[in-house]
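Structure record follows, encoded as structure tokens.
Protein chains in written order, with the working numbering: chain A, 262 to 590; chain B, 262 to 590.
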């Protein structure tokens, strides 16, 4: 069997993670990388794999079986998603939760027009966390879902701090409140405010002469990002930031506690948790597994947009149904 | 929309749990119960639902959309599974791991002959634990899976003790070794023997005049069941057994630790865990969710045997795709 061919669109953290994840498969290969930069200036890890301008992507329709879109959800994917779904099978990690229905519809129309399969919002949240929310809600209809994130680096919150005047660089950690996690695990179904679930810890490099008190106040009072949380701000040097905060660890928990029995007297707790050494490397490993599913579904004649909810787990594996039943059931 | 109709075959712990789980759904109803006992002597919880002899089941082909088979894997399901799959859509919790491939084939042939859908080996292990082993193996191809069970009552091990001469009753708990679980969670990929992973604790009611030392020795040396484990035996009174050990709690963990990165320098740990107040009530809640999937797949024209690996998560939910994307992704 020939390997299925993956094209990467966008070579940032997620694109590099995807390139590495493909190396861990037995049935996929990296066909090419598409970039908005000057292709001749982009050096990738894999020898002999061509880098093309994303402007020329239509010319490579027959070179790849599935594209993994590694752009951002704010501005890249809303345009690229539908555009590329008309020409290719695609996978993306669109993660603006509130805009998913609208994004799904636009990608779905394009994918159907082109006769392709596009799996959107793949990753861990949305993604594996969503799948776990769904499974456990279906199993325990009377219960509550709780999602905690961290401890980990939030790139969106780090970026928000960097936009403040006087800030040279910053790293923000989202931290679940241990007592809240324990209360949920106990099955007591607590009502928790935003502030009770997570704290935020910021490591900030200030520019020379900047007003640190003003920066700290601007961070702590920033609406949506920080105002609803207990936030701690530490000013550190650029060297300390590089030395102690250069990784992108993350993780979190999805917990459902629910009741069964004649009088709801029986408690159950289902928990799914992730401890990730690198958020982009883990996310891209999920993207590659779903790329396999997209190619298979497309070969079976499926078309349109899908989410992780629509993909049977067996489609993610290179093994046959008989192998999976014998080895993993 | 009319509710889909479930028939229960076998009214033990699992059958009663299924009856209770159906009450928590909005889209399913209990149509009837089939029993090997005298139907007129069986009192079920739900008013007005008929109880029939399992011998008359063929006459009720049009009364149910899906049967949930609540018999045991040792002797009931190997016969009932294929027999009933030819007449009905079915769900079962066949859990003899080594015989799953053979059981799948026999149910598959029968279901295809009858034009039905049968989802086999549904529950939490096999079942939700299997699904989690599969997802995390696909995401992190280079890594190790670890499954721990407990703390919980193993009915098979309790039964094995009850068969020993001089034993009036018994309850056996399987207990994961905390230090082993912690070693796995740390991402160190330890090699663990059977003895290092679980201990077994037995509460035994001896018959009057029985030789307790002999019973204890027989338990601890029983091959397959106890000989490979550190086993503790406590002799207690019948009253104590009833008072302290009448529940059927269970649970466990599926953990995968894996590596990514250019030189496998990045560690990730995925963990799925269950803390169950009642093993049969939780298992039957899963059976009912998959019954929904079987009915839907059957209405779409699917036929044959399936496992949890073959079922997209969305099929388990009464909600539409659009609702799921808006609320749960």
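Virtual Cβ for every residue (Gly too), placed ideally from N, Cα, C.
Original post:
Quick one: Cα of residue 532(A) to Cα of residue 301(B), how far?
Top reply: Stepping through the first chain from its first residue, residue 532(A) is reached at position 271. Stepping through the second chain from its first residue, residue 301(B) is reached at position 40. Approximately 42 Å, taken between the alpha carbons.
Original post:
Buried or exposed: where does residue 288(A) fall if 16 or more other Cβ atoms within 10 Å of its Cβ makes it buried?
Top reply: In the first chain, the residue the question calls residue 288(A) occupies position 27. The residue in question, residue 288(A), is exposed, as its Cβ has fewer than 16 Cβ neighbours within 10 Å.
Subject >> For residue 327(B) and residue 555(B), believed in contact at Cβ under 8 Å, the rounded distance >> reply: By one-based count along the second chain, residue 555(B) stands at place 294. By one-based count along the second chain, residue 327(B) stands at place 66. Confirmed, about 5 Å.
**OP:** Return the CA-CA distance between residue 423(A) and residue 480(A), expressed in angstroms with no decimal places.
**Re:** In the first chain, the residue the question calls residue 423(A) occupies position 162. In the first chain, the residue the question calls residue 480(A) occupies position 219. Going by the C-alpha atoms only, they are around 10 Å apart.
Subject >> Host beta strand (DSSP E) of residue 350(A) (start-end) >> reply: As a first step, residue 350(A) must be located in the first chain, where it is residue number 89. That residue, residue 350(A), is in no beta strand (DSSP E); it is neither H nor E in DSSP.
Original post:
Given 8 Å as the limit, is there contact between the segment 387–401 of chain A and the segment 510–517 of chain A, that is, 3 or more CB pairs closer than that?
Top reply: Three or more Cβ pairs closer than 8 Å define a contact, and the segment 387–401 of chain A meets that threshold against the segment 510–517 of chain A.
**OP:** Run the CB neighbour count on residue 276(A), radius 10 Å, all protein chains shown included, and call it buried at 16 or more, exposed below.
**Re:** For the purposes of this step, residue 276(A) is taken as the residue at position 15 of the first chain. Flag for residue 276(A) reads buried.
Original post:
residue 503(B) lies in the alpha helix (DSSP H); which residues open and close that run?
Top reply: Position 242 of the second chain, counted from the start, is the residue given in the question as residue 503(B). Run containing residue 503(B): 499–505, per the alpha helix (DSSP H) assignment.
**OP:** Give a yes or no on whether 8 Å exceeds the smallest Cβ distance from residue 585(B) to chain A.
**Re:** The residue you call residue 585(B) lines up with position 324 of the second chain. Yes, residue 585(B) counts as interfacial toward chain A.
Subject >> Contacts around residue 471(A), its chain only, beta-carbon distance under 6 Å, and the 5 residues preceding and following it disregarded >> reply: In the first chain, the residue the question calls residue 471(A) occupies position 210. Excluding residues within five positions, the ones whose Cβ falls inside 6 Å are 427.
Subject >> Pairwise C-alpha distance: residue 487(B) and residue 559(B) >> reply: Residue mapping note: residue 559(B) aligns to position 298 of the second chain, counting from 1. Residue mapping note: residue 487(B) aligns to position 226 of the second chain, counting from 1. Distance between the alpha carbons of residue 559(B) and residue 487(B): 43 Å.
Subject >> For residue 447(B) and residue 325(A), the rounded distance between their alpha carbons >> reply: Stepping through the first chain from its first residue, residue 325(A) is reached at position 64. Stepping through the second chain from its first residue, residue 447(B) is reached at position 186. A direct Cα-Cα distance of roughly 38 Å separates residue 325(A) from residue 447(B).
Original post:
residue 528(A) CB to nearest chain B CB: under 8 Å?
Top reply: Within the first chain, numbered from 1, the residue matching residue 528(A) stands at position 267. Closer than 8 Å to some Cβ of chain B, the Cβ of residue 528(A) qualifies, so yes.
Subject >> Residue environment, residue 340(B), which counts as buried when at least 16 other CB atoms sit within 10 Å >> reply: Here residue 340(B) corresponds to residue number 79 of the second chain, with the count starting at 1. Exposed is the call here.
Original post:
Listed from N- to C-terminal order along the chain, which residues in the segment 365–376 of chain A have their beta-carbon within a distance smaller than 8 Å of any beta-carbon of chain B?
Top reply: Result list: 365.
Original post:
Straight-line CA distance for residue 455(B) to residue 483(B)?
Top reply: Against the second chain, residue 455(B) aligns to sequence position 194. Against the second chain, residue 483(B) aligns to sequence position 222. When rounded, the distance between both Cα atoms is 15 Å.
Original post:
Are at least three pairs of beta-carbons, each pair with one atom in the segment 564–580 of chain B and one in the segment 374–387 of chain B, less than 8 Å apart?
Top reply: Cβ pair count under 8 Å is three or more, so yes.
**OP:** Grab the span of the alpha helix (DSSP H) containing residue 585(B) for me, first residue to last.
**Re:** One-based indexing of the second chain puts residue 585(B) at position 324. Its alpha helix (DSSP H) spans residues 582–588.
Subject >> Interface residues of chain B facing residue 295(A) [CB-CB closer than 7 Å] >> reply: Walking along the first chain from the start, residue 295(A) turns up at place 34. Listed along the chain, the chain B residues whose CB falls inside 7 Å of the CB of residue 295(A) amount to none; the nearest CB is some 21 Å away.
Original post:
To the nearest whole angstrom, what separates the beta carbons of residue 394(A) and residue 589(B), a pair I think is in contact under 8 Å?
Top reply: Residue mapping note: residue 394(A) aligns to position 133 of the first chain, counting from 1. Residue mapping note: residue 589(B) aligns to position 328 of the second chain, counting from 1. Correct: roughly 5 Å between the Cβ atoms.
Subject >> Three-way DSSP call (helix, strand, coil) for residue 578(A) in this model >> reply: As a working mapping, residue 578(A) is identified with position 317 in the first chain. DSSP places residue 578(A) in coil when its eight states are reduced to three.
**OP:** Following the continuous alpha helix (DSSP H) through residue 418(A), name the residue where it begins and the one where it ends.
**Re:** For the purposes of this step, residue 418(A) is identified with residue 157 of the first chain, where counting begins at 1. Run containing residue 418(A): 416–423, per the alpha helix (DSSP H) assignment.
Subject >> Below-8 Å beta-carbon distance, residue 572(B) vs any chain A residue >> reply: Here residue 572(B) corresponds to residue number 311 of the second chain, with the count starting at 1. Yes - at least one Cβ of chain A is within 8 Å of the one on residue 572(B).
Original post:
Candidates 417(A), 449(A), 342(A) and 445(A): which alpha carbon is nearest residue 434(A)'s?
Top reply: The residue you call residue 434(A) lines up with position 173 of the first chain. Relative to residue 434(A), the option among 417(A), 449(A), 342(A) and 445(A) whose CA is nearest is 417(A).
**OP:** Answer with buried or exposed for residue 506(B), where buried requires no fewer than 16 other C-beta atoms within 10 angstroms of its C-beta.
**Re:** In the second chain, the residue the question calls residue 506(B) occupies position 245. Buried is the call here.
Original post:
Should residue 343(A) be counted as a contact of the ligand GDP given a C-beta to heavy atom distance under 7 Å?
Top reply: Questions concerning the ligand GDP fall outside what the structure shown contains, since it holds no ligand whatsoever.
Original post:
Which residues does DSSP pair with residue 451(B) in a beta bridge?
Top reply: One-based indexing of the second chain puts residue 451(B) at position 190. Residue pairing from DSSP leaves residue 451(B) without any beta-bridge partner.
Original post:
Using a beta-carbon distance below 8 Å, is residue 536(B) in contact with chain A?
Top reply: For the purposes of this step, residue 536(B) is taken as the residue at position 275 of the second chain. At least one CB atom of chain A sits nearer than 8 Å to the CB of residue 536(B).
Subject >> Every unbroken beta strand (DSSP E) within the segment 349–419 of chain B, with a cutoff of 3 residues, ordered by chain >> reply: For the segment 349–419 of chain B, whole beta strand (DSSP E) runs of length 3 or above, ordered along the chain, are 351–353, 378–380 and 404–410.
**OP:** Consult DSSP for residue 441(A) and reduce its assignment to one of helix, strand or coil.
**Re:** As a first step, residue 441(A) is located in the first chain; it is residue number 180 there, counting from the start. In the structure shown, the three-state DSSP call for residue 441(A) is helix.
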